[in-house]
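Residue numbers (my numbering): 178 to 798.
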């Protein structure tokens, strides 16, 4: 009996220990293959989409420059021109996807294009996460299939998330989308990433305990908790209670999440996904190195050990324009250049709460040495006083003092006003810092016979007439010598009633009792043939409609100001105009630049209300 048993044992082939997993779990090889390939496929899909948008952007730039001097002579008519069907369809798509907005909360809106982009991104990641997750035994949505895959796909998106949030943004350079707008997508992508992290964690709890992988199980929730806390802090009401503290906590949590001391993000799987975590860290480090290089290059007089006598050449002066508005003037470094409408980050070491504090402000002047005028030799910033840095600057402001200031920039992607028949520029309050340089650039190019456009309409809504003094020394030189080939109109709307102005007059006089030339400066602006003053609010919707009816060819509308102002301008052009364009009407490009943290006016169609609203939509939502 015993020999027969030995014979049977010799004839049976037992698997080696290395093949036990394959025999016990036939799904393992399939899962591992998909865990490696699916994140790559999702990443390739997103990279292809960015490449497509970049190609469209470069094609648009090329076409615009190629046709910049060709103004349309198509007149409005009753019959339809089928040759205009392509541009009519493009304009209709713009109206539907970029001008129709969906309110989310009290101060946040998304247009349809942004919503579709977010849903598309969410669909791509979740499709590659859950597709083909049925096991060989027929179990649908097997956690062992999708859990590790969700973690790997989340890791693969780290470079994308980091790239979207960078100030020196490579995606912005290729697509033409401003970094502050990409920052919106950065925050949303992080929230989607957080969902994937917890899908990964939830699917790994049981297997980790079964196979004794409790060390990794502990590390994963630590990283996920750090990311979840970061997501909570990015909610607008939370982060704007103390934005400076948010930046500090944001930096610490991101560093911890990505991989400090081998604990956080996917470091419990670092042997498998180093090619996702490390590139993100290197990319972020290089971007900050570029910021540092810019800081040294554009502020070299402060760092030059052999130029101590010239350190004050770049110091700033601060003028108190009203009880709530400051104007900062800085000598421009000779090698510093920018596009009209761009912004820079300013840091005042003597005013900052902490050394690295910096705040974005739009440059109100243009980068041209036009007859050596005052405005073109200096960087000028006009902004409203709020809490924190601007309030501290208001307290220390003195007409005879200078302040050391560090410049870092320029940043943002303002509209390129090339090849338009009509340009409409609309601003409210300190929103003038965005539209004024665009206006100055158009006038400067017209004086050089470049024919940037046929008509420019410049609209500015201010509370009191004396606010025109904010820009009088910049605006008036530009209004001299304008060629007759360019039609120019400057419309100033004074929204405060005389009764309201009298109530505030005493505080204004206390701020500047010796300014006897104010009325003369206002008078110089009023006497200009291009300027008209009107009391009351501008009817922006009616104004836009009238200009659209008179225009032909291509039209650019650019606005910067209160939330209500932007909504009113957008409302005037959100309706598709397919038939009007087919009959010779203009195609429209709309650009809305929103305020940062300001006191704003709300246009509700009937009256003007004043309230305090903290927003930061130019630099993120």
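Cβ atoms here follow ideal geometry from the backbone N, Cα and C, with glycine treated the same way.
As the structure is a computational prediction, the values presented were derived from the model and not from experiment.
Starting from residue i, trace the beta strand (DSSP E) both ways and give me its first and last residue.
i           : result
residue 538 : 536–539
residue 738 : 731–738
residue 667 : 664–671
residue 312 : That residue, residue 312, is in no beta strand (DSSP E); it is neither H nor E in DSSP.
residue 320 : Counting along the chain, residue 320 falls outside any beta strand (DSSP E), though it belongs to the alpha helix (DSSP H) covering 320–333.
residue 268 : Here residue 268 belongs to no beta strand (DSSP E); instead the alpha helix (DSSP H) covers 262–275.
residue 770 : 764–771
residue 504 : 502–508
residue 637 : 632–639
residue 605 : 599–605
residue 588 : 583–588
residue 558 : 555–561
residue 493 : 493–499
residue 286 : 285–288
residue 279 : 278–281
How would you label residue i, buried or exposed, when you count the other beta carbons within 10 angstroms and need 16 or more for buried?
i           : result
residue 320 : buried
residue 651 : buried
residue 660 : exposed
residue 744 : buried
residue 280 : exposed
residue 261 : buried
residue 775 : Here residue 775 scores only 34 on pLDDT, less than 50, and its place in the model should not be relied on; the value that follows carries that caveat. With 16 or more other Cβ atoms within 10 Å, it is buried.
residue 350 : exposed
residue 658 : exposed
residue 263 : exposed
residue 771 : buried
residue 536 : buried
residue 347 : exposed
residue 560 : buried
residue 203 : exposed
residue 255 : exposed
residue 799 : Absent from the model: residue 799. The displayed extent of the chain is 178 to 798, so no value can be given.
residue 291 : buried
residue 409 : exposed
For residue i, which residues in the same chain have their Cβ closer than 6 angstroms to its Cβ, ignoring the five residues on either side in sequence?
i           : result
residue 197 : The predicted model places residue 197 with a pLDDT of 43, which falls under 50 and marks its position as unreliable; any figure quoted below should be read in that light. So no residue of the chain qualifies.
residue 365 : 295
residue 720 : none
residue 363 : 341, 342
residue 633 : 600, 619, 665
residue 447 : Caution applies to residue 447, whose pLDDT of 46 falls short of 50 and renders its modelled position unreliable; the value that the coordinates give is listed next. Answer for residue 447: no residue qualifies.
residue 234 : 352, 353
residue 411 : 364
Is there a C-beta anywhere in chain C that falls below 8 angstroms from the one on residue i?
i           : result
residue 212 : The question asks about chain C, but that chain is absent: this structure has only one protein chain.
Within its chain, find whatever has a CB closer than 8 angstroms to the CB of residue i; leave out the 5 residues flanking it on each side and keep chain order.
i           : result
residue 468 : 344, 345, 585
residue 753 : 268, 269, 272, 273
residue 555 : 506, 507, 508, 509, 542
residue 766 : 271, 592, 597, 731, 732, 733, 734
Between which two residues does the alpha helix (DSSP H) harbouring residue i extend?
i           : result
residue 234 : 205–243
residue 528 : Looking at the DSSP string, residue 528 is not in any alpha helix (DSSP H), and its letter there is neither H nor E.
residue 612 : 609–624
residue 753 : Looking at the DSSP string, residue 753 is not in any alpha helix (DSSP H), and its letter there is neither H nor E.
residue 355 : Element bounds for residue 355: n/a, residue is neither H nor E.
residue 572 : 566–573
residue 805 : Absent from the structure is residue 805, since the part of the chain shown begins at 178 and ends at 798.
residue 257 : That residue, residue 257, is in no alpha helix (DSSP H); it is neither H nor E in DSSP.
residue 655 : 649–655
residue 480 : 477–480
Enumerate in chain order the residues of its own chain whose CB-to-CB distance from residue i is below 7 angstroms, with the five nearest sequence positions on each side excluded.
i           : result
residue 712 : 671
residue 698 : 646, 649
residue 685 : Confidence in residue 685 is poor, its pLDDT being 40 and thus under 50, which makes the residue's placement unreliable; the coordinate value appears in the next sentence. Correct list, in chain order: 499, 500.
residue 526 : 532, 581
residue 746 : 603, 717, 721, 734, 736, 769
residue 242 : 595
residue 614 : 517, 518, 540, 541, 542, 543
Exercise for the section: Please confirm if the segment 700–716 is in contact with the segment 636–656, defined as three or more CB-CB distances below 8 angstroms between the two stretches. Expected result: yes
Handout entry: Inter-stretch contact (C-beta, 8 angstroms, three-pair minimum) for the segment 588–606 and the segment 724–743
Key = A contact exists between the segment 588–606 and the segment 724–743.
Practice task
Within the segment 689–727, note down every full beta strand (DSSP E) run reaching 3 residues or more, in order along the chain.
Solution key: Correct list: 708–712.
Exercise for the section: Could you say if the segment 586–597 and the segment 635–644 meet the contact criterion of at least three C-beta pairs nearer than 8 angstroms? Expected result: no
Problem - Given 8 angstroms, three or more beta-carbon pairs between the segment 224–239 and the segment 310–318 - result: no
Practice task
Take every Cβ of the segment 369–376, pair it with every Cβ of the segment 295–307, and state whether three or more of those distances are shorter than 8 angstroms.
Solution key: yes
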